[in-house]
Each structure stands twice: as structure tokens, then as C-alpha cells.
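Written out below as C-alpha cells is the structure these notes cover.
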Amino acid sequence: MPIITLDYEDLEKLTGTDRDSIIDRVPMIGADIERLEDKSIDIEFFPDRPDLYSVEGVSRAMRGFMDIETGPVKYDINDSDVEIFLDNDIKSIRPVLACAIVRGVKFTESSIKSLMDLQESLHWGLGRDRKKVSIGVHDLSGVKPPFKYIGGDPSVEFVPLDFTEPMNLADILEKHPKGTRFAHLLKGYSKYPLILDADDQVLSFPPIINGTLTMVNKNTTDIFIDVTGLSGEVYTALNIVVAALA
-11 MPIITLDYED LEKLTGTDRD SIIDRVPMIG ADIERLEDKS IDIEFFPDRP DLYSVEGVSR
49 AMRGFMDIET GPVKYDINDS DVEIFLDNDI KSIRPVLACA IVRGVKFTES SIKSLMDLQE
109 SLHWGLGRDR KKVSIGVHDL SGVKPPFKYI GGDPSVEFVP LDFTEPMNLA DILEKHPKGT
169 RFAHLLKGYS KYPLILDADD QVLSFPPIIN GTLTMVNKNT TDIFIDVTGL SGEVYTALNI
229 VVAALA
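Counted the way this note's numbering counts, the sequence shown spans residues -11 to 234.
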């Protein structure tokens, strides 16, 4: 079961309560406390509650449990005029796709880390180590819609995260740490999943790695989220990520 590390400062800010109350009430929302540190708490959650895999999700549940904020949470959701097109090649590789754009986000180093931790927890718990679900989070400012989700040739190049030089898809699977770890998910395919913008810039090579082009930083305000996979858990994962950012 996933073990999530949460900072007391973030929990206190988002719940409006104090550390002692948090420690006392966390087990009551279906969690086990694994470790108490000076500045953080390690919590283990059941796999059937992926909505609790982030400080935002835990805080939302605790506010309801403690009668601080009751009733269904309402989110400001609108249909987007941004489009993404799927080509036929992708349907036999990794066919399920869900996307969202979240605007007006105010990031800090802590909130970026929380988002990345949530992403990896969902990859492991809900996504079965990226087989069923993989998530990409992108700074929207450097790319141009409409987007395309395609089956790309192994010779396509881009600069993957944690690298400074372009690599083609085949080399990423052989030489990039994420590529060697997850290459088995694409074994046997002659084309690989790619998400491109209108200028054919690579945002993501799911379920392997994103490009440096859309890396999120403290100046990011608008983000594009892609979730790809093999089943309906894709939509669940997207909802969880968007709710954490709302």
C-alpha cells in the first residue's frame, strides 16, 4: 500500500487545524501512521483511496470529517476549446486518453513536489506501475494547441527530462533510466505513443518520460495534464490530479 510523506505545515494550512488534531484524526479517515518526524508524517493508505495520495486530498477529507467544510466540493469546470486528436496507430498501443487544462495555478517548490509525489503514487497504486495509467503534467506556455496523440516512429527525437541533449525514442528506451525501467510496457510495438503540439514539438512519450520543453516550475501558471492508459482508471487519475490542483 502507498506510504505518503506529508508536511505538517502544509496540512495545518490546508485543514485550518493543528498538528495534534491531525495526528489524532488521520487514522479515522482510513489510514495508518507509519512514522512521525519533526516536520512531517508518513501515512499508509488503502489502495482503494487514491484520492488520499496527496496533501490536498488528505486535507479535503479531514476538513469534511472534522466538520470544517461539509458537503460536496464544488469545482469551477468549463469545456475547453483546446483540442487533442488521436490517430489510428495509437488505438492498438495505448488507446485510452483523458486530458485537462488547469489555469491560474500558483506553484511553490513544496506544491510542485507534492504534485510529483501524487503523480508517482498514482502511477504505482492506480496505474500498476504505469501499465494501466501514466500521467504527464506540462507547462502550457511553451507549446501550441491543438495537440496530437499518435503512434510515433522510433527515430523521433526530443530532449527528455533529466537530459540536456536530444535522444530518439529507441535510445530513450535503451539508455534513459526511465526508459530502461519501463521499456517492457512497449515491447513488441513498432511505433510508440507520443503527444505533440501543433508544431510537432514533443510534450510526452507516455508511459516513459516527458520532455524538458514543458517542465513545470515555480513560474508555471497554466498546466496541461495528459493521462494515458489501458482502462477507465485513466479518468479516475485525471479527476484526482485536477482536484488536487483546484
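For every residue, glycine included, the Cβ atom is placed at its ideal position computed from N, Cα and C. It should be emphasised that the depicted structure is a prediction, and the values quoted were computed from it without experimental measurement.
Would you grab the beta carbon distance between residue i and residue j for me? Rounded to a whole angstrom, and I think it's under 8 Å.
i, j, result
"Asp141", "Lys179", "6 Å"
"Gln189", "Val131", "6 Å"
"Val61", "Thr208", "The pair is not a contact, with the Cβ atoms about 24 Å apart (cut-off 8 Å)."
With a Cβ-Cβ cutoff of 9 Å, do residue i and residue j count as a contact?
i, j, result
"Pro(-10)", "Phe33", "yes"
"Leu110", "Ile100", "no"
"Gly139", "Leu85", "no"
"Ser28", "Leu103", "no"
"Pro194", "Asp214", "yes"
"Asp237", "Glu0", "Past the boundaries of the shown model lies residue 237; the chain is included only from -11 to 234, so the question cannot be answered."
"Ala232", "Gly45", "yes"
"Ser47", "Thr3", "yes"
"Leu226", "Ala88", "yes"
"Glu22", "Val121", "no"
"Leu106", "Ile228", "yes"
"Ser143", "Leu157", "yes"
"Asp30", "Leu(-6)", "yes"
Give every residue of the same chain whose Cβ lies closer than 6 Å to the Cβ of residue i, excluding the five residues on either side of it in the sequence, and list them in chain order.
i, result
"Asp20", "Glu32"
"Ile196", "Lys166, Gly167 and Phe170"
"Asn198", "Gly124, Leu149 and Ser192"
"Lys136", "Phe73 and Leu184"
"Ile10", "Leu(-1)"
"Arg91", "Asp210"
"Gly217", "Val84, Lys120 and Val121"
"Leu187", "Checking the sequence, you will find Asp at residue 187 rather than Leu. Lys132, listed in sequence order."
"Tyr63", "Ala234"
Determine the closest residue to residue i out of the options, with distance taken between C-alpha atoms.
i, options, result
"Leu40", "Ile17, Glu0 and Leu161", "Ile17"
"Arg51", "Val147, Val14 and Glu25", "Val14"
"Thr152", "Lys94, Asp8, Glu97 and Met203", "Met203"
"Glu145", "Asp159, Val90, Val222 and Asp(-5)", "Asp159"
"Asp36", "Asp64, Trp112 and Ser68", "Trp112"
"Pro134", "Phe212, Glu108 and Ile78", "Phe212"
"Ile(-8)", "Leu24, Asp12 and Asp8", "Leu24"
Might you give, ordered along the chain, the residues of its own chain that have their beta carbon closer than 7 Å to the beta carbon of residue i, omitting 5 neighbours on each side?
i, result
"Thr58", "Gly52"
"Tyr177", "Ile81"
"Val223", "The displayed chain sequence assigns Tyr, not Val, to residue 223. Only Ala86 meet the Cβ criterion."
"Leu114", "Pro38, Val121, Glu221, Thr224 and Ala225"
"Ile78", "Tyr137, Ile138, Gly139 and Pro181"
"Leu173", "Arg118, Lys119 and Pro195"
By Cβ distance below 8 Å, which residues in the same chain neighbour residue i in space, the five residues on each side in sequence not counted?
i, result
"Ile56", "Thr3, Gly4, Thr5 and Met50"
"His155", "The sequence shown places Met at residue 155, not His. Cβ within range, chain order: Glu145, Phe146, Val147, Pro148, Lys163 and His164."
"Asn205", "Phe95, Ile100 and Asp127"
"Glu108", "none"
Next on the checklist: Please give the ranges of any beta strand (DSSP E) in the stretch 108 to 172, keeping only runs that are unbroken, at least 3 residues long and fully inside the region.
Outcome noted: For the stretch 108 to 172, whole beta strand (DSSP E) runs of length 3 or above, ordered along the chain, are 121 to 127 and 135 to 140.
Checklist entry - Can you list the alpha helix (DSSP H) stretches of 4 or more residues lying completely in the stretch 2 to 85, in chain order? => result As summarised for the stretch 2 to 85, the continuous alpha helix (DSSP H) elements at least 4 residues long and confined to that stretch are 7 to 13 and 43 to 53, given in chain order.
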